[in-house]
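Q: Just so you know, the sequences run in chain order A and B.
Quick note on this note's numbering: the first sequence kicks off at 8 and runs consecutively.
Quick note on this note's numbering: the second sequence kicks off at 8 and runs consecutively.
Even for Gly, the Cβ is constructed at its ideal location relative to N, Cα and C.
2 protein chains.
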Amino acid sequence: MANTDPPGEAVAAAAIKSGAPLDVIAASLRRERHRAGLSLTEVARRAGIAKSTLSQLESGTGNPSLETLWALCVTLDAPFSRLLDPPRPETHVIRADEGPTVAAAQADYQATLLAGCPPGARRDIYRIAAEPGHARASEPHTPGVVEHVVIGAGRALVGVAGQAAELGPGDYIRYPGDRPHVFEALEPRTQAVLMSEHP
Amino acid sequence: MANTDPPGEAVAAAAIKSGAPLDVIAASLRRERHRAGLSLTEVARRAGIAKSTLSQLESGTGNPSLETLWALCVTLDAPFSRLLDPPRPETHVIRADEGPTVAAAQADYQATLLAGCPPGARRDIYRIAAEPGHARASEPHTPGVVEHVVIGAGRALVGVAGQAAELGPGDYIRYPGDRPHVFEALEPRTQAVLMSEHP
DNA sequence: TTCATCCGTTCGTTTTGACGAACGACGGTT
DNA sequence: AACCGTCGTTCGTCAAAACGAACGGATGAA
Chain A
8 MANTDPPGEA VAAAAIKSGA PLDVIAASLR RERHRAGLSL TEVARRAGIA KSTLSQLESG
68 TGNPSLETLW ALCVTLDAPF SRLLDPPRPE THVIRADEGP TVAAAQADYQ ATLLAGCPPG
128 ARRDIYRIAA EPGHARASEP HTPGVVEHVV IGAGRALVGV AGQAAELGPG DYIRYPGDRP
188 HVFEALEPRT QAVLMSEHP
Chain B
8 MANTDPPGEA VAAAAIKSGA PLDVIAASLR RERHRAGLSL TEVARRAGIA KSTLSQLESG
68 TGNPSLETLW ALCVTLDAPF SRLLDPPRPE THVIRADEGP TVAAAQADYQ ATLLAGCPPG
128 ARRDIYRIAA EPGHARASEP HTPGVVEHVV IGAGRALVGV AGQAAELGPG DYIRYPGDRP
188 HVFEALEPRT QAVLMSEHP
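(1) Which residues of chain B have a Cβ atom closer than 9 Å to the Cβ of Ser-59/A, listed in chain order?
(2) Under 8 Å, Cβ to Cβ, is there at least one residue of chain B near Gly-44/A?
(3) Based on Cα-Cα distance, which residue from His-155/B, Ala-136/B and Leu-61/B lies nearest to Ser-203/B?
(4) So which residues of chain B does Arg-134/A contact, with C-beta pairs closer than 8 Å?
(5) Using a Cβ-Cβ distance under 8 Å, would Phe-87/B count as near chain A?
(6) Given a cut-off of 8 Å on the beta-carbon distance, is the pair Pro-195/A and Gly-161/A in contact?
(7) For the candidate residues Arg-89/A, Thr-75/A and Thr-119/A, whose alpha-carbon lies nearest to that of Ala-34/A?
(8) Cβ atoms of Val-200/B and Val-157/A: under 8 Å apart, would you say?
(9) Is any beta-carbon of chain A found at less than 8 Å from that of Ile-32/B?
(10) Tell whether a beta-carbon distance below 8 Å holds between Ala-192/A and Ile-180/A.
(11) So with Cβ pairs under 8 Å, would you call Val-50/B a contact of chain A?
(12) Can you check which of these residues, Ala-137/B, Asn-70/B and Val-50/B, is closest to Ala-78/B by C-alpha distance?
(13) Roughly how many angstroms lie between the CA atoms of Thr-48/B and Arg-37/B, to the nearest whole one?
(14) Using 8 Å as the limit for Cβ to Cβ distance, is Ala-160/B near chain A?
(15) How would you list, in chain order, the residues of chain B whose beta-carbon sits under 9 Å from the beta-carbon of Arg-130/A?
(16) Within 10 Å of its beta-carbon, does Thr-68/A have 16 or more other beta-carbons around it, so buried, or fewer, so exposed?
(17) Leu-73/A CB to nearest chain B CB: under 8 Å?
(18) Measuring straight from C-alpha to C-alpha, what distance separates Glu-74/A and Leu-61/A?
(19) Helix, strand or coil for Ala-43/B per DSSP?
(20) Please state whether DSSP places Asp-84/B in a helix, a strand or coil.
(21) Classify Gly-177/A as buried or exposed, calling it buried when 16 or more other Cβ atoms lie within 10 Å of its own Cβ.
(22) Starting from Glu-65/A, follow the alpha helix (DSSP H) in both directions and report where the run begins and ends.
(23) In whole angstroms, what separates the C-alpha of Leu-164/A from that of Arg-40/A?
(24) Kindly list, in the order they appear in chain B, the residues whose Cβ is closer than 9 Å to that of Leu-29/A.
(25) Given this structure, state the Cα-to-Cα distance separating Ala-142/B from Ala-168/B, to the nearest angstrom.
(26) Taking 8 Å as the CB-CB cut-off, is Pro-91/B touching chain A?
(27) Is any beta-carbon of chain A found at less than 8 Å from that of Gln-63/B?
(28) So, with DSSP's three-state summary, where would you put Pro-139/A?
(29) Hey, would you say Leu-76/A sits closer than 8 Å to Ala-43/A, going by beta carbons?
(30) Taking the beta strand (DSSP E) that Ala-171/B falls in, what are its first and last residues?
(31) So, are the CB atoms of Ala-137/B and Asp-115/B less than 8 Å apart?
(32) Run the CB neighbour count on Pro-187/B, radius 10 Å, all protein chains shown included, and call it buried at 16 or more, exposed below.
(33) Alpha carbon to alpha carbon, how far is Ala-57/B from Ser-72/A?
(34) Specify the secondary structure class of Asp-131/B as computed by DSSP and reduced to three states.
(35) Between the C-alpha atoms of Val-189/B and Gln-170/A, what's the straight-line distance to the nearest angstrom?
(36) May I ask you to report which of helix, strand or coil DSSP gives Thr-119/B?
Next up, the structure:
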């Protein structure tokens with residue numbers, strides 16, 4: 008497939024002005040600077056760059072070098088990724104019987120997407136409801152993915168295939184998601200929270 | 008505090024050669040290119056940059072512009088952050104009665120840190136065990152924080168103070184963590200998973 | 001063997017990002 | 001009023017990033 012979109016997350020790519028990282032960091036630089044309560048002059052001084060350079064960057068004119076960007080990230084105490092996505096938080100409730108069901112291959116395994124990967128985050132949160140039966144085997148995802156699971160009720164065999172652990176209520180496991188792994192309910196009405204974290 | 012370290016995550020900063028993002032991306036570019044099974048010439052062609060430029064970047068010589076980096080990220084289908092941190096995932100289990108208990112102001116509210124903010128992520132995962140009694144009120148955290156809660160057992164009143172929702176097993180809520188918020192158990196032995204997500 | 005590709009690196013040229021000085025605007029003192 | 005300091009922008013200069021052509025080496029086909 009061709010890659011006409013920004014890297015990172017497909018969802019974020021769609022949300023943000025496509026293919027224009029310059030405008031994005033321009034806005035982000037201003038935002039982060041104001042968040043820190045600093046003047047343009049002061050930030051430029053601390054970062055060791057000319058304030059003219061910063062001025063142009065914040066106005067969207069310019070194509071900063073890695074060193075320049077790095078210096079700004081350091082002084083603004085902001086990770087690189089924060090300069091590439093906007094924020095937005097609000098309260099949202101999804102009841103136990105609501106929400107989009109993502110995987111229902113059989114009726115004995117249901118994954119509900121609670122919080123899909125928005126711009127700025129690299130994780131998906133699912134609610135898992137599973138019944139005993141065949142194990143739910145997952146193919147490896149993209150490299151670097153880490154999955155976190157906390158059991159809410161019931162028991163389940165979870166983890167990398169061959170090294171799966173038996174978990175009960177309250178138990179937590181973290182394992183590499185880029186290898187084959189399983190989720191097998193051992194008791195009826197097993198519930199869990201699964202977080203898939205992309206690198 | 009002074010910022011003599013690379014941005015992003017302090018832990019990563021310590022792990023990686025400090026203050027030298029150039030060497031890091033140099034190695035990352037080679038790694039990602041080989042992962043994609045492409046030649047230097049081919050990647051340069053697809054990215055629309057001179058292969059001499061890419062050659063110098065991969066050898067650690069050079070200070071790429073944002074546009075150049077972006078083009079490479081797109082053609083390599085790699086998020087920005089992947090070029091700045093190495094990988095490392097492993098399986099880890101924390102049993103229901105294990106793990107560092109973070110907050111136990113009273114015995115009726117316990118938060119256990121399951122996965123602290125590692126390099127590359129901006130979130131903490133907690134297991135909450137609470138008993139009815141006084142509400143657990145939290146002061147606002149740093150701006151932009153979002154909290155996610157899924158109830159595992161029992162019932163609880165969760166959310167921004169004044170707009171809290173009553174949740175039962177399987178229910179999910181997401182709310183801005185940078186405003187005062189509460190977690191009040193309504194039934195004995197209430198269990199939940201809480202994820203605090205930093206911007 | 002010779003020829004044809006492809007690989008990745010090196011070198012000279014051109015484009016451009018970073019710099020520093022100067023600018024006008026604004027707000028607070030004296 | 002005049003003066004001071006700081007704000008953010010604009011402009012000319014210079015160093016450096018990106019380019020394109022040519023290079024030597026490895027591989028495979030004629």
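A: On the basis of the data shown:
(1) Taking the beta carbon of Ser-59/A as reference, no residue of chain B falls within 9 Å; the closest one sits roughly 17 Å away.
(2) With 8 Å as the cut-off, Gly-44/A does not count as an interface residue toward chain B.
(3) Among His-155/B, Ala-136/B and Leu-61/B, the Cα nearest to that of Ser-203/B belongs to His-155/B.
(4) Under the 8 Å cutoff, chain B gives Val-157, Gly-177 and Tyr-179.
(5) By the rule that beta-carbons nearer than 8 Å mark a contact, Phe-87/B touches chain A.
(6) If you check the CB distance, Pro-195/A and Gly-161/A come in under 8 Å.
(7) Residue Arg-89/A is the option with its Cα nearest to Ala-34/A.
(8) In contact: Val-157/A and Val-200/B (Cβ atoms closer than 8 Å).
(9) Interface residue (Cβ-Cβ distance to chain A less than 8 Å): Ile-32/B is classified as such.
(10) Cβ atoms of Ala-192/A and Ile-180/A: not closer than 8 Å.
(11) Under the Cβ criterion of 8 Å, Val-50/B is not counted among the residues facing chain A.
(12) Proximity to Ala-78/B across Ala-137/B, Asn-70/B and Val-50/B peaks at Val-50/B, based on C-alpha coordinates.
(13) Taking the straight line joining both Cα atoms gives about 12 Å.
(14) Yes, its Cβ sits closer than 8 Å to a Cβ of chain A.
(15) In chain order: Ala-128, Arg-130, Met-202 and Glu-204.
(16) The residue in question, Thr-68/A, is exposed, as its Cβ has fewer than 16 Cβ neighbours within 10 Å.
(17) So yes, Leu-73/A belongs to the interface.
(18) C-alpha separation (whole angstroms): 13 Å.
(19) Judged by DSSP in its simplified three-state form, Ala-43/B adopts helix.
(20) Correct three-state label for Asp-84/B: coil.
(21) Counting Cβ neighbours within 10 Å, Gly-177/A comes out buried, since at least 16 surround it.
(22) Its alpha helix (DSSP H) spans residues 58–65.
(23) Distance between the alpha carbons of Leu-164/A and Arg-40/A: 47 Å.
(24) Simply Leu-73, Glu-74 and Trp-77.
(25) Straight-line Cα distance between these residues: approximately 11 Å.
(26) Note that residue 91/B is Leu in the sequence shown here, rather than Pro. For Leu-91/B, the nearest beta carbon of chain A is closer than 8 Å to its own beta carbon.
(27) Cβ-Cβ to chain A under 8 Å: no for Gln-63/B.
(28) The answer is coil: DSSP assigns Pro-139/A none of H, G, I, E or B.
(29) With contacts defined by Cβ atoms closer than 8 Å, Leu-76/A and Ala-43/A do not form a contacting pair.
(30) DSSP places Ala-171/B outside any beta strand (DSSP E), giving it a letter other than H or E.
(31) Taking 8 Å as the Cβ cut-off, Ala-137/B and Asp-115/B qualify as a contacting pair.
(32) Burial call: exposed.
(33) C-alpha separation (whole angstroms): 17 Å.
(34) Asp-131/B falls in the strand class under three-state DSSP.
(35) Val-189/B and Gln-170/A have their alpha carbons spaced roughly 38 Å apart.
(36) It is a strand residue.
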